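J.:
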Amino acid sequence: MTTQARANRPIDSMTGHGLPARYRLRRQTDFERVYAGRISIGDGVLRIYGLKSECPHPRLGLSVSRRVGGAVVRNRYKRLLREAFRLARQNLPALDLVVIPAGRGRPDLAQFQESLVRLAARLAERVEGSGIE
RNA sequence: GGAGUGGACCGGGUGGCCGCCGGCCGAGUCGCGGCCGGUGCGCUUGCGCACCGGCGGCGAAACUCGGCGGGAGGAAAGUCCGGGCACCUUCGGACACGGUGGUGGGUAACGCCCACCGGCCGCAAGGCCAGGGAAAGUGCAACAGAAAGUAAACCGCCUCGCUCGGCUCGCCGGGCAAGGCAAGGGUGAAACGGUGAGGUAAGAGCUCACCAGCAGGCCGGGUGACCGGUCUGGCUAGGCAAACCCCACCGGGUGCAAGGCCAAGCAGGAAGCCACGGCCGCGCCGGAGACCAACGUCUCCGGCGGCGAGCCUACGGAACGUCCGAGCCGUCGCAAGACUUCCGGGUGGGCCGCUCGAGGGGCCGAGCAAUCGACCCCCUAGAGAAAUGGCCGCCACCCGCCGUGGCGCGCAAGCGCGCCACGGCGGGCACAGAACCCGGCUUACAAGUCCACUCCGAUC
RNA sequence: UGGGGAAUGGUGUAACGGUAGCACGACUGGCUCUGGACCAGUUAGUCUAGGUUCAAAUCCUAGUUCCCCAG
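Each residue of the first sequence is one higher than the last, beginning at 40 in the numbering used here.
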């Protein structure tokens, strides 16, 4: 294992992992649509609301409440969650996801990424089964 | 060397890979039009239209790619003050309400800052103070205490009278009643100056001296708060204004989600005192006309205001705590509407505002200082479900443990303790994230740097 | 982001600047064969830190927490 490979341990960071604005939920109506679907799933780390996306790729929305901490702590959570989404984007189904941290403990990037991928996969099955567009 | 006081600064550095936001430049995509060539059709056959290919040009809303350079703080925080800016109503005034509170200065302004004055604390360097008025008015002071404020008297002290007892016959002691007193005791957070002398039946600023404190006058210093001196007065005027209040000064309201432009979309409805005004109906009076033999009837016009729970609009509009005045806009014509409030409907997209500003740095000058002025240089975040990052190294810095070496001390001669240097391992590295922009205040903060000063101890 | 309000025993609430009450609860005892009800008693509080005042839950300043409104 080279030093270079060890540096990029969380996931292989090749190109194609950018996160431009089109991969994010940016409107009040987008969030309301996902919440109105009322399909959510959670583990101890995250809770995710999901709905089939209008686009052929997944989109991310974040909701980090003041209960989690001050502005610095909440910014840290959002950055980690964006990073997790960015790195794992190729492994995610084409859903609109609203991700809410559970607030217990202080998870790191690897935990967030693993939880995000696993929950999104299970969420995809639920969304297919529900038939909601 | 130790203890301390005041102030200024800093808020890790560096690298690899992968990302985010906005700016500029280029290319592609796209759009517009031009030229050349080809094919087809029409034909007024040196023309027009359509399609295909090629080459320049112009455009930039969006998207993709590439390049260049930029991207959190000293508090960005709390939102406690003050401004800029924007809209509301053009101006002035009164009242109400709120704020500030020694003096002078600084400033766009401030509740901020500087200097000085006064009071309190500290041996000192220094620190703290909402620090105007209680001899304008109203009010408050639980409990205790006689009394909580132009007075009053529980114990007490004193005089006179009556009375009882004793007796060395001059007084002594007790009780009751009337009166005088405020020194002593006692209560309280606070009780109408302190010491001494005179004075008195006992006492008392009752009188006097000194001291403290007060008021007024004068002199001197200071821009001023105030300070120093002196004379006179009356002997006491208590506390609380972060109680009402008085005085002086300041303050219009709402806030960039202000506000402006564009696009898209929808559906309107209800209510609004009194008086004055207009209309209508009824009634009365007058006039004119028509019909009638006449009584009278009908029509029109004018007036009255008697009647009407009839209709219309309101003299209206213009951010506002209330009110007044001036000015402005509109105006009543047939009606509706224009205004306000409430209910309902639509949208919640884009652009601007949006970062060059009381801006930062250097140097010189004025000033005790805060600060101000001149010159030179610099441009430094502008997001919008909200960027300024993620992972991994290296080097600083701090802490702990281990090892090696040196020095000092102790020693039961195995060693132990302390300091310093080097190496290894592990851990830590604060408070905290721009949201229109500034000036302050307040609060949070790891480690570290520098300057000035005070006190104590030792040595020279 | 901007604006407004509140905080008193475990809970809900009172208190002109002068001893912090009340109700429910909890605990102990009594009554009862036992429980409930009832009776008696106990427990425990002014969000925090400064300041004004003789004296502060109350007045002032700063902080903490919670709630509401606009969009």
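Quick reminder that beta carbons are idealized off the backbone N, C-alpha and C, glycines included. Please read all numbers here as calculations on a predicted model, not as lab measurements.
1) Put Arg161 into one of helix, strand or coil per three-state DSSP.
2) CB Ala163 to CB Pro132, shorter than 7 Å?
3) Which same chain residues end up closer than 8 Å to Arg66 when comparing Cβ atoms and leaving out the 5 residues on each side of it in sequence?
4) Looking at the secondary structure, which residues open and close the beta strand (DSSP E) in which Arg72 lies?
5) Within a Cβ cutoff of 8 Å, which residues of the same chain sit near Arg211, ignoring the five residues on either side of it in sequence?
6) Would Leu99 and Leu136 qualify as a contact pair, given that the criterion is a beta-carbon distance under 7 Å?
7) Is it the case that the Cβ atoms of Ile87 and Val138 are separated by a distance below 7 Å?
8) Name the one or two DSSP bridge partners that Lys91 has.
T.: This is what the structure holds:
1) Note: Arg161 maps to helix in three-state DSSP.
2) Using a Cβ distance threshold of 7 Å, Ala163 and Pro132 count as a contacting pair.
3) So the list is empty, once near-sequence residues are dropped.
4) Per DSSP, Arg72 is not a residue of any beta strand (DSSP E); the alpha helix (DSSP H) it occupies stretches across Gln67 to Gly76.
5) The chain is shown from 40 up to 172; residue 211 falls before or after that span and cannot be answered.
6) A contact, by the Cβ cut-off of 7 Å.
7) Cβ distance < 7 Å, so Ile87 and Val138 count as in contact.
8) Beta-bridge pairing links Lys91 to Leu134.
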